[in-house]
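There are 2 protein chains.
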Amino acid sequence: MTVTVLLVDDHPVVRSGLRAVLETDDVHVVGEAATGEEALALAGHLHPDVVLCDLRLGEGIDGIRTTAALRALDPAPAVLILTTFDRDAEIRGAIEAGAAGYLLKDVDPERILDGIRRAAAGGMVLAPDLAARLLEGLRSPLPKLTGRETEVLRLLATGAANREIARTLFVTEATVKSHLAHIFTKLDVDSRSRAIHVAREAGLI
Amino acid sequence: MTVTVLLVDDHPVVRSGLRAVLETDDVHVVGEAATGEEALALAGHLHPDVVLCDLRLGEGIDGIRTTAALRALDPAPAVLILTTFDRDAEIRGAIEAGAAGYLLKDVDPERILDGIRRAAAGGMVLAPDLAARLLEGLRSPLPKLTGRETEVLRLLATGAANREIARTLFVTEATVKSHLAHIFTKLDVDSRSRAIHVAREAGLI
DNA sequence: CCGCGGGTCATCCTTTCGGTGGAGACGGAG
DNA sequence: CTCCGTCTCCACCGAAAGGATGACCCGCGG
Chain F
1 MTVTVLLVDD
11 HPVVRSGLRA
21 VLETDDVHVV
31 GEAATGEEAL
41 ALAGHLHPDV
51 VLCDLRLGEG
61 IDGIRTTAAL
71 RALDPAPAVL
81 ILTTFDRDAE
91 IRGAIEAGAA
101 GYLLKDVDPE
111 RILDGIRRAA
121 AGGMVLAPDL
131 AARLLEGLRS
141 PLPKLTGRET
151 EVLRLLATGA
161 ANREIARTLF
171 VTEATVKSHL
181 AHIFTKLDVD
191 SRSRAIHVAR
201 EAGLI
Chain R
1 MTVTVLLVDD
11 HPVVRSGLRA
21 VLETDDVHVV
31 GEAATGEEAL
41 ALAGHLHPDV
51 VLCDLRLGEG
61 IDGIRTTAAL
71 RALDPAPAVL
81 ILTTFDRDAE
91 IRGAIEAGAA
101 GYLLKDVDPE
111 RILDGIRRAA
121 AGGMVLAPDL
131 AARLLEGLRS
141 PLPKLTGRET
151 EVLRLLATGA
161 ANREIARTLF
171 VTEATVKSHL
181 AHIFTKLDVD
191 SRSRAIHVAR
201 EAGLI
C-alpha cells in the first residue's frame, strides 16, 4: 500500500530535495505546490493521502490557513507541517487547524518518511521536545489579546513611544496606556521591552 | 569545463534538493557537509571550485567564519552564500569574509546554477535588491559597537531593566546608563525599544 | 433589560529612563 | 610619552513610562 504525498513549499530547492528523499517503495510524491492556493487546487483533484506543508509560504495565504482549508476537503488529506521555525503560536495554530503533526526541517529524512507513514495511518506526529513544550503550554495558555491590543503590541515592537502609537491609532495617550496595561497584565511583564521580548518568543508578533 | 561544487547545509533535505537540482552537464557536486568543520575538512582535499554554503549551520561555527577559513585555503574555493535570511549584518559579514556572492533560498534553481558558474569564473554574485541595499549601507555604515555595548544590547533585547543589566554585568546602574547612551547615539535612537528594533533589523543581535 | 467585554479617556502618583556634563583608570597605538 | 578608546562611575534634571482607579459608550448574548 503506497502513500501518496503532495509537497507544499515556496522553495523550489526544498521541494526537489523532499521529492528526492521521500520517493521510496511505499511513498509516492504525486505533486508539488509553491503556494497555499496551488496546494488547495492540486489537493482537490489529486486526493493525496498526506500533504507535507511548510508554514511560511511567501506572499499568499500562510500554512495554517492552508491546513484548515485542506482539512475541509472531502476526502481530507492528513496534513504534516514541516518547517524551519518552532514558534509556539505557530505550532499551536497548526495543530488547532487540524494538522496531524509538526516536524522541523533539520531532522533527517528517515523521520520525515516515518512521519508521513504515521500521518497516513491517521496518527499524530510530534517531535518529543515539541510535544513537551506544547503540553507545558496547555498549563500556561497563550494569552489572547484583543484586536486593538495586538495593534498596539505591533507598534510597540517597532519601538514606537506611547505618543506615536496614539497618533498612529488616532486615540489619546491615555488609551494607549490603558491598552498597554492590559497587555502587560496578560503577558505578565512590567515593561515595554520585556513585553516585546515575550511576544516575540511566543510568536505573537 | 565542469565546475566542482561542495554543498554545506545543516539540513539533509536541502542538500539533497541542491544536489538534484545542480547536477548538470557543467556542474558537478563532489561533496556535502552538514557543519563548518566538515566543510573545511572536505574542501581541504576535494579542492572544489565553488563551495555553496548556508550561513546558519546549527551548533558549530557559523557560515561567516567558515567562509573566512575556506578562503584561507590554498587553492581557495569561491564561496557562494545561499541562505534564507537577509540580515544586513550577515550579508556584509559574508562579503567581508571573502564570499563571492549571496543568494536567497527562494530563488529558482537556474539562478543558483548561474551564480555557481559566475563564482567559479571569479565573478561576484548578488541579487539586485541585495546589492542596492548593500550600497546604501555603505553610505550609512553599520555602527560598530564595543564588546561591552554589545553585551548590554543583548540584555536589553531580552527586556531587562537597567538594574537587571547592571546586576548581570556586575557594574553599577550608572555604567549601564552610560553604555546605553553610547548605544543610543550610535544607533541614532532615543529609546530602548527602538534600539531593540533597529538592532534586530540591522542584524546586530 | 442587564451584564459583560472591548474600546475609549481621565487623574494622581511613583519609578524608570534618557540627556547632559563630567571624571578617573587602564591599555594599546603612534 | 601622550593620545585615544574603552570601561567605569557620579550627580542632576526633565520626560516618559508604569500602576491604581474610576468612568463612559457601545454592541452582543443571556
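Sequence lines, in order, name chains F and R.
Residue 142 in this note's numbering sits at position 142 of the first sequence; the count goes up by one each step and never skips.
Residue 7 in this note's numbering sits at position 7 of the second sequence; the count goes up by one each step and never skips.
Even for Gly, the Cβ is constructed at its ideal location relative to N, Cα and C.
Drop a sphere of 10 angstroms on the beta-carbon of residue 92 (chain R), count the other beta-carbons inside from all chains shown, and report buried for 16 or more, exposed for fewer. buried
On the three-state DSSP scale, how would you describe residue 116 (chain R)? helix
Taking residue 159 (chain F) as the query, report the chain R residues whose CB atoms sit under 9 Å from its CB, ordered along the chain. By Cβ distance, chain R contributes 189, 191, 192, 193, 194, 195, 196, 197 and 198.
Would you check whether the ligand MN has a heavy atom nearer than 6 Å to the C-beta of residue 197 (chain F)? You won't find the ligand MN in this model; it holds no ligand whatsoever.
In whole angstroms, what separates the C-alpha of residue 70 (chain F) from that of residue 77 (chain F)? 7 Å
What are the start and end residues of each continuous beta strand (DSSP E) run of 3 or more residues lying completely inside the region 128-165 of chain F, in chain order? Within the region 128-165 of chain F, no complete beta strand (DSSP E) segment of 3 residues or longer occurs.
Taking residue 58 (chain F) as the query, report the chain R residues whose CB atoms sit under 9 Å from its CB, ordered along the chain. 106
Chain F contacts made by the region 29-45 of chain R, where a contact means CB separation under 9 Å: none
Considering only DSSP beta bridges, list what residue 81 (chain R) is partnered with. R:53 and R:102
Within the continuous beta strand (DSSP E) that includes residue 6 (chain F), where are the two ends? 3-8
Spatially closest choice to residue 156 (chain R) from F:128, F:147, F:133 and F:196, by CA coordinates: F:196
Can you pull out the residues from the region 5-27 of chain R whose beta carbon lies closer than 8 Å to at least one beta carbon of chain F? 10, 11, 12, 13, 14, 15, 16, 17, 18, 19, 20 and 21
Residue burial classification, residue 163 (chain R) (beta-carbon count within 10 angstroms, cutoff 16): exposed
On the three-state DSSP scale, how would you describe residue 182 (chain F)? helix
So what does DSSP say about residue 30 (chain R), is it helix, strand or coil? Residue 30 (chain R): strand per DSSP, three-state reduction.
Under a three-way DSSP split, which group does residue 107 (chain F) fall into? coil
Where do the N-terminal and C-terminal ends of the alpha helix (DSSP H) with residue 22 (chain F) fall, by residue? According to the DSSP assignment, residue 22 (chain F) belongs to the alpha helix (DSSP H) that extends over 12-22.
Taking its Cβ as the centre, do 16 or more other Cβ atoms sit within 10 Å of residue 132 (chain R), making it buried, or is it exposed? exposed
Kindly list, in the order they appear in chain R, the residues whose Cβ is closer than 7 Å to that of residue 153 (chain F). In chain order: nothing, as chain R lies at least about 11 Å away.
What are the partner residues of residue 126 (chain F), as DSSP defines its beta bridges? F:102
Quick one: grab the DSSP three-state call for residue 59 (chain R). coil
Whole angstroms are fine: how far does the CA of residue 175 (chain R) sit from the CA of residue 168 (chain R)? 12 Å
Does DSSP classify residue 36 (chain R) as helix, strand or coil? helix
Along chain R, in chain order, which residues have C-beta atoms closer than 9 Å to that of residue 156 (chain F)? Per Cβ cutoff of 9 Å: 193.
Consult DSSP for residue 88 (chain F) and reduce its assignment to one of helix, strand or coil. helix
Less than 7 Å separating the beta-carbons of residue 82 (chain F) and residue 43 (chain F)? Going by C-beta atoms, residue 82 (chain F) is not nearer than 7 Å to residue 43 (chain F).
Run through DSSP, which three-state label would residue 203 (chain F) get? coil
So residue 134 (chain R) and residue 204 (chain R) are supposed to be a Cβ contact under 8 Å. How far apart are they, rounded? Wrong, their Cβ atoms sit about 16 Å apart, outside the cutoff.
Using 8 Å for Cβ pairs, my map puts residue 13 (chain R) next to residue 54 (chain R). What's the rounded Cβ distance? 12 Å between Cβ atoms; not a contact.
Would you check if the distance between the CB atom of residue 116 (chain F) and the CB atom of residue 50 (chain F) is smaller than 7 Å? Note that the C-beta distance between residue 116 (chain F) and residue 50 (chain F) is below 7 Å.
Buried or exposed: where does residue 179 (chain F) fall if 16 or more other Cβ atoms within 10 Å of its Cβ makes it buried? buried
Output yes if chain R places a C-beta closer than 7 Å to the C-beta of residue 109 (chain F); else output no. yes
Quick one: which chain F residues come within Cβ less than 8 Å of residue 146 (chain R)? Residues of chain F passing the Cβ test: none, with the nearest at roughly 21 Å.
Residues that residue 185 (chain F) contacts on chain R, provided the C-beta gap is smaller than 7 Å: Simply none; closest approach about 16 Å.
Can the beta-carbon of residue 153 (chain R) be found less than 7 Å from the beta-carbon of residue 183 (chain R)? yes
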